[in-house]
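Structure record follows, encoded as structure tokens.
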Amino acid sequence: GQQLNQSPQSMFIQEGEDVSMNCTSSSIFNTWLWYKQDPGEGPVLLIALYKAGELTSNGRLTAQFGITRKDSFLNISASIPSDVGIYFCAGHKRQGAQKLVFGQGTRLTINP
Amino acid sequence: NAGVTQTPKFRVLKTGQSMTLLCAQDMNHEYMYWYRQDPGMGLRLIHYSVGEGTTAKGEVPDGYNVSRLKKQNFLLGLESAAPSQTSVYFCASSYVSQETQYFGPGTRLLVL
């Protein structure tokens, strides 16, 4: 089945640093979503993007819907220890049986 | 308001055994989903339901069956468990618009 290419797969950073991750696809999506998963928990929605070119913020998180509608980016500014976890992108199409497609995840580790 | 709940949290099965995973949501959502999460694979859709009494196949439906007899519940069944079904299973639900899915805490299944 189709999957999104999410990179990087893992990141090791110092507390206070900024983080960038992205997701790309060979096909167009109508909506891009970013989720965060803490250990032993289910994914929690962080940001939803509905229009090409849209830039949306949620606190220290900023995400963008790529102009081509085939990619999306997530930035985290001034990272803190509770940012640790796995971040997933997801693309939504209005057609087809599988309507929400997930990336493989970016595992973020923060050194204090 | 508990959101999405899943039972059990953890289960060990022997090959060939059967079991049912229960998902319940109290948000009056129309859509419900079952995903499996494996390392490096992200989340893959097993089956989903667009309303009470309906079910449909997702990306990886083989070896699983589902039922949605009540709007608030979505059951995932394994008739004859196989080691390849060792995974973490997540249930999710959403309103008619499928973009914003809310996830449960997951069920860890180990098939020996």
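Which chain is which? The protein sequence lines are D and S, in order.
To convert, count from 1 in the first sequence and add 159; that's the numbering used here.
To convert, count from 1 in the second sequence and add 50; that's the numbering used here.
Glycine residues also receive a C-beta, built at the ideal position from the N, C-alpha and C atoms.
| Asked | Found |
| --- | --- |
| Report the rounded CA-to-CA distance for S/K59 versus D/A211, giving the unit in angstroms. | 39 angstroms |
| Using the beta-carbon of each residue, which ones in chain D are nearer than 8 angstroms to S/P155? | G199, E200, G201 |
| According to the Cβ coordinates, are S/F140 and S/F153 closer than 8 angstroms? | yes |
| Alpha carbon to alpha carbon, how far is D/P271 from S/P111? Give it in angstroms, no decimals. | 42 angstroms |
| To the nearest whole angstrom, what separates the beta carbons of D/K195 and D/G244, a pair I think is in contact under 8 angstroms? | 5 angstroms |
| Among D/K258, D/K252, D/N217, D/I239, which one has its Cα closest to the Cα of D/G175? | D/I239 |
| Going by C-alpha distance, which of D/R228, D/S236, D/P202, D/G201 is nearest D/G218? | D/S236 |
| Is it right to say S/S68 is buried, meaning 16 or more other beta carbons lie within 10 angstroms of its own, or is it exposed? | exposed |
| Take every Cβ of the region 78-95 of chain S, pair it with every Cβ of the region 127-139 of chain S, and state whether three or more of those distances are shorter than 8 angstroms. | yes |
| Under the DSSP definition of a beta bridge, which residues are partnered with S/V54? | S/Q75 |
| What are the start and end residues of the beta strand (DSSP E) that includes D/A207? | 203-208 |
| Output, in chain order, the set of chain D residues within a Cβ distance shorter than 7 angstroms of S/M91. | Q263 |
| Is there a C-beta anywhere in chain S that falls below 8 angstroms from the one on D/K223? | The displayed chain sequence assigns Gln, not Lys, to residue 223 of chain D. No, no contact with chain S. |
| Residues in the same chain with beta-carbon distance under 7 angstroms from D/D242, minus the five sequence neighbours each way, listed in chain order, please. | I235, L267, I269 |
| Output needed for D/I172: all residues of its chain with C-beta closer than 8 angstroms, excluding positions within five of it in sequence on either side, in chain order. | V178, S238, L267, T268, I269, N270 |
| Which of helix, strand or coil does DSSP assign to D/Q173? | strand |
| Among the candidates D/I206, D/S216, D/L220, D/S186, whose CA atom is the shortest distance from the CA of D/D230? | D/S186 |
| If you run the structure through DSSP and keep just helix, strand and coil, what is S/S134? | helix |
| At what residues does the beta strand (DSSP E) containing D/S231 begin and finish? | 230-235 |
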